[in-house]
Amino acid sequence: MSVRAFVPLDSAAVALGADDVADAIAREALTRGVAVTITRTGSHGMHWLEPLVEVETPKGRTAYGPIKAAEVSGLFDADFLAGGKHARAVGPVDDLPFMKAQTRLTFARCGRIDPLSIEQYRAAGGLKGLTQALTLGPDATLAAVTASGLRGRGGAGFPTGVKWKTVRDAKAGQKYIVCNADEGDSGTFSDRMIMEGDPFTVIEGMVIAGIATGATKGYIYIRSEYPVAVGIMNRAIEHARAARVLGDAVMNSAHAFDMEVRVGAGAYVCGEETSLLESLEGRRGQVRAKPPLPAHHGLFGKPTAVNNVISLASVPAILAEGADKYKSLGAGRSLGTIPIQLAGNVKHAGLYEAPFGMTLGQIVMDIGGGTASGRPVRAVQVGGPLGAYFPVSLFDTPFDYEAFTAKGGLIGHAGVVVFDDTVDLARQARFAMEFCAIESCGKCTPCRIGSVRGQEVIDRILKGIAVDEQIALLEDLCSTMKLGSLCALGGFVPYPVLSALTHFPEDFRARPRSLADVA
Amino acid sequence: MSTALIWDEKRAGEIIDAHKSMAGATLPVLHALQAAFGHITERAIEMVADALNLSRAEVHGVVSFYHDFRRAPAGAHVLKLCRAEACQAVGADKLAATLRETLGIDWHETTADGRVTLEPVFCLGLCSCGPAAMVDGKLVGRADAKGLTALVRGKT
Numbered sequence: 150m151s152v153r154a155f156v157p158l159d160s161a162a163v164a165l166g167a168d169d170v171a172d173a174i175a176r177e178a179l180t181r182g183v184a185v186t187i188t189r190t191g192s193h194g195m196h197w198l199e200p201l202v203e204v205e206t207p208k209g210r211t212a213y214g215p216i217k218a219a220e221v222s223g224l225f226d227a228d229f230l231a232g233g234k235h236a237r238a239v240g241p242v243d244d245l246p247f248m249k250a251q252t253r254l255t256f257a258r259c260g261r262i263d264p265l266s267i268e269q270y271r272a273a274g275g276l277k278g279l280t281q282a283l284t285l286g287p288d289a290t291l292a293a294v295t296a297s298g299l300r301g302r303g304g305a306g307f308p309t310g311v312k313w314k315t316v317r318d319a320k321a322g323q324k325y326i327v328c329n330a331d332e333g334d335s336g337t338f339s340d341r342m343i344m345e346g347d348p349f350t351v352i353e354g355m356v357i358a359g360i361a362t363g364a365t366k367g368y369i370y371i372r373s374e375y376p377v378a379v380g381i382m383n384r385a386i387e388h389a390r391a392a393r394v395l396g397d398a399v400m401n402s403a404h405a406f407d408m409e410v411r412v413g414a415g416a417y418v419c420g421e422e423t424s425l426l427e428s429l430e431g432r433r434g435q436v437r438a439k440p441p442l443p444a445h446h447g448l449f450g451k452p453t454a455v456n457n458v459i460s461l462a463s464v465p466a467i468l469a470e471g472a473d474k475y476k477s478l479g480a481g482r483s484l485g486t487i488p489i490q491l492a493g494n495v496k497h498a499g500l501y502e503a504p505f506g507m508t509l510g511q512i513v514m515d516i517g518g519g520t521a522s523g524r525p526v527r528a529v530q531v532g533g534p535l536g537a538y539f540p541v542s543l544f545d546t547p548f549d550y551e552a553f554t555a556k557g558g559l560i561g562h563a564g565v566v567v568f569d570d571t572v573d574l575a576r577q578a579r580f581a582m583e584f585c586a587i588e589s590c591g592k593c594t595p596c597r598i599g600s601v602r603g604q605e606v607i608d609r610i611l612k613g614i615a616v617d618e619q620i621a622l623l624e625d626l627c628s629t630m631k632l633g634s635l636c637a638l639g640g641f642v643p644y645p646v647l648s649a650l651t652h653f654p655e656d657f658r659a660r661p662r663s664l665a666d667v668a
Numbered sequence: 033m034s035t036a037l038i039w040d041e042k043r044a045g046e047i048i049d050a051h052k053s054m055a056g057a058t059l060p061v062l063h064a065l066q067a068a069f070g071h072i073t074e075r076a077i078e079m080v081a082d083a084l085n086l087s088r089a090e091v092h093g094v095v096s097f098y099h100d101f102r103r104a105p106a107g108a109h110v111l112k113l114c115r116a117e118a119c120q121a122v123g124a125d126k127l128a129a130t131l132r133e134t135l136g137i138d139w140h141e142t143t144a145d146g147r148v149t150l151e152p153v154f155c156l157g158l159c160s161c162g163p164a165a166m167v168d169g170k171l172v173g174r175a176d177a178k179g180l181t182a183l184v185r186g187k188t
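Listed in order, the protein sequences are those of chains X and E. Numbering-wise, my numbering puts 225 at position 76 of the first sequence, and it's gapless, one number per residue. Numbering-wise, my numbering puts 99 at position 67 of the second sequence, and it's gapless, one number per residue.
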C-alpha cells in the first residue's frame, strides 16, 4: 500500500526548497522501492517550518520540518513514513501551539487538502456555503452577509453587505464581481496563500457574491508577481466549470455565473479599486474620481462589486456556519476572524487566523516570538507600505479597525512587519515617499509631486540641513497629501512618515548621514 | 529562459488575433507578446493599436505605465530583488548593495556581457521568508548574495 506524503506547493515553501524536497522524496522512494504518493498542498502558515513535510500514519498526519532536500534520505532512514523519530519531527500539526490557538474559518482547509481536488474540497466542508446560498436565495444570502458584520479585508473595512446591496439595487442588464487579488502590500500574503492553498473557497465566495448581487460574470485580477497563484486559480476555474460550480446553471440552479483570471503588470496602484478597473478595461491603471462608485458605475460602466480575496473567501464559511457564529467572534465593530500575516524580522513568521481583538503585543511577542535576529523589537509596521510604524509602547493596541485608527494607524490587509533595533525610522520614512513616487499613477498632484518633494525634504533631514524647518515642511506636505490626494496611495503615505516622526523623533535628529549613505 | 527571442510578425499577428476579442484585451495581448518575444517592439505597439482600434499613443501609454512591460530585451537572466519593507527588515538593502557591487550594475541595468538584468520588485508575497528574490521565474526565500550570484552565473 502506498503511503501518502504531503509537501506544500505554496510559494513561500517553494522559495525555501519545497519542489526539491518533493523531488527528493519521489527519487528516494523509487530507489528504495517504497510506494509513496506525494500530494502538493497549500501551506499551514508556519513558514519558519517550511518546507514542512507531512505523512499520513495510522494515527493521523504527522509533520517534519524544516526539511532540506539533502535531509530526505535521512528521513527515510528514520522511517518517517511510519512516523519515525527524527530531529526535525514536530508531531501532528494540529497539536502545535501556533495552530491550536487559531480560529480557522477562512483558512480551514488551507494546507490540508489538495487545492485542485473539488472532491476533497467538498469532503472538507466546501460548497456548503454555496448550497446554503442557493437554498436561501439572493435576498436572504445578502441579509446573512450583512448580518455577519463582514467588512472589506482589503484594508478599507467597508461593510461587504452594504456594498453588495448597492450593486443588487442598481438597475443594469450586466453586473460584475471583481475579485481584487492585487495584493501589493509588503508584509501581506494571505490572498496568495488562499489562492494557492484553497482556490475553490475564493471561487465559491465569488459565486455567492454573484447570486446575492445579480452579477453573472466575475474577474479575478491577480498580480503578476504571483505566478503560482495565477496557475492554480486558472486550473481551479476549469475544475469548477467541469463540476458545474461555474457555468450557466450553478449547481444545477437557475443562477448563472462564470469567471476568468486577469493578470496585472507590476503596478502597485492597481490594488486601488478604480485603478484596477481601468487596468481590467485595458488602460493605464490611473485612479478614477469617486463618485460614481464602482457599485453604480464600475467595470465597463456596469454595476460592479469589487471585493478583496479574503473578503470573498470569508463568505462561504459565513453562509455555511451562519452569520451569528461569525459575528460572535471579534471585538467592537470588527467582527469575525482576520488572517494576520507575521512578516519581516519575526521568529514565527507566517499566517495566523484569529478573531479581532488580540493586542499587537500578543501578536508580535506571544505568537510571533519576537524578532528572528534575537535583538529587541523596535518598530512594527501594520497595514503595508501605507500603514503606520508603531513603537513597543503601543503594543497594548487591540487589533481592530477602530482601535488602530484611534492610535493613528490602520490595519489595512493585516500584515504585521516587525523590525529590530537596527532599523532607522527616518530611512523608512524616506522609503515610504520613494515608493509612493515610483508607484504613483500620476493623476493627482499631491501624490505625483508631493512624493518626490517628500523624498527631497527627508534627504535634507538625513543630511542634517536645517532640520527643524524641514520637519515643519514635511508635516505640512503630509497634510496636503492626506487631504488632497485622490486615493489611498498619496493619501495614506503620511501614515508611515508621520508615525515615524512622532514615535521615533530621535532618528530624524541623529548625526548627519553622508551623501553616499543617504543614496 | 530568455534566450534570443526573434521577432516574427506572422506569429505576433496570430497572438494578437487569439486575444483581441477579449473584453479589455490590451494587457492580456501585451503579456502574451512579451512572453513570446521578450519585449514589446514598436511594431508590436502599432499592430496592437490596429487590432484593438486604439491609437498608438494609447498602447504606448499602457506599455510605459506598467513596470512589467519592457521596451528592450532583458539580459539572459533576470534577477528580481524585493525592495519592500518586510525584506528590508531582514537585510534586503544590504543584499541589494552587495549584488549591485558584485554585478557592477544598478537597478534596471544589464551587465555588459548581457548575462544579468537586475530589477527591483515591490513584494513577492514572501514576506515571511525574506529577503526574497526571483531568478528567471524561480522563487528564492532567505536569499543571500552568494546563492543568487551562483544562480545567475551558474546557469547557461
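Cβ atoms here follow ideal geometry from the backbone N, Cα and C, with glycine treated the same way. Quantities reported herein were computed from a predicted structural model and do not represent experimental measurements.
- With contacts defined as CB atoms closer than 9 Å, residue 499/X and residue 166/X fail to qualify as a contacting pair.
- For residue 458/X, the enclosing alpha helix (DSSP H) starts and ends at 458-470.
- Shortest Cα-Cα distance from residue 51/E to any of 180/X, 411/X, 351/X involves 411/X.
- Its Cα nearest to that of residue 66/E, the residue 105/E stands out among 81/E, 139/E, 105/E, 124/E.
- Interface flag for residue 196/X against chain E is set, since a Cβ pair is found closer than 9 Å.
- Burial check for residue 253/X: the Cβ neighbour count within 10 Å reaches 16 or more, so the residue is buried.
- In the same chain as residue 321/X, and ignoring 5 residues on each side of it, the C-beta atoms closer than 8 Å to its own belong to 451, 452, in chain order.
- Contact of residue 50/E with chain X is not assigned, every C-beta pair being separated by 9 Å or more.
- Look at the region 359-378 of chain X: the residues with a C-beta under 7 Å from a C-beta of chain E are 373, 374, 375, 376.
- Contact annotation: in the region 54-68 of chain E, residues whose CB is within less than 8 Å of a CB in chain X are 55, 56, 57, 58, 59, 60, 62, 63.
- Shown here, residue 328/X sits in a strand according to DSSP, grouped into three states.
- The CB of residue 428/X comes closer than 7 Å to the CB of 59 in chain E, given here in chain order.
- Residue 543/X has a beta carbon lying at 9 Å or more from every beta carbon in chain E.
- The beta carbons of residue 405/X and residue 365/X sit closer together than 9 Å.
- Counting the other CB atoms within 10 Å of its CB gives residue 197/X a total of 16 or more, which places it among the buried residues.
- Counting along the chain, residue 119/E sits inside no beta strand (DSSP E); it lies in the alpha helix (DSSP H) bounded by residues 117-120.
- In the assembly as shown, residue 77/E is a buried residue. Its beta-carbon has 16 or more other beta-carbons within 10 Å.
- In the DSSP assignment, residue 109/E falls within the unbroken beta strand (DSSP E) covering 109-114.
- DSSP places residue 389/X in the helix class (H, G or I) of the three-state scheme.
- Within chain X, no residue has its CB atom less than 8 Å from the CB of residue 87/E, the nearest being about 12 Å off.
- Taking C-alpha positions only, residue 493/X is separated from residue 335/X by approximately 9 Å.
- Within the region 385-414 of chain X, those residues whose Cβ lies closer than 9 Å to any Cβ of chain E are, in chain order, 409, 411, 412, 413, 414.
- Contacts with chain X (Cβ-Cβ distance below 7 Å) from the region 103-119 of chain E involve 116, 117, 118, listed in chain order.
- Not a single CB atom of chain E sits nearer than 9 Å to the CB of residue 190/X.
- The contact set of residue 174/E on chain X, defined by CB atoms closer than 9 Å, consists of 164, 165 in chain order.
- Per DSSP, residue 270/X is one residue of the alpha helix (DSSP H) stretching across 267-272.
- Across the structure, residue 295/X and residue 308/X are spaced so that their CA atoms are roughly 7 Å apart.
- Straight through space, the alpha carbons of residue 177/X and residue 183/X are spaced by roughly 8 Å.
- Going by C-alpha positions, residue 359/X is about 18 Å away from residue 300/X.
- For a cut-off of 8 Å, the C-beta gap from residue 449/X to residue 55/E is around 7 Å, short enough to register as a contact.
- The beta carbon of residue 187/X lies closer than 7 Å to those of 154, 156, 171, 174, 175 in the same chain, with the five residues before and after it left out.
- Annotation: Cβ neighbours of residue 332/X in chain E (cutoff 9 Å, chain order): 155, 157.
- Cα atoms of residue 637/X and residue 40/E: separation of roughly 42 Å, rounded to the nearest angstrom.
- Between residue 131/E and residue 180/E, the gap from beta carbon to beta carbon is short of 9 Å.
- Residue 396/X is bridged by DSSP to 406/X.
- Separation of the CB atoms of residue 509/X and residue 548/X is rounded to 6 Å, and the pair is thereby assigned contact status at 8 Å.
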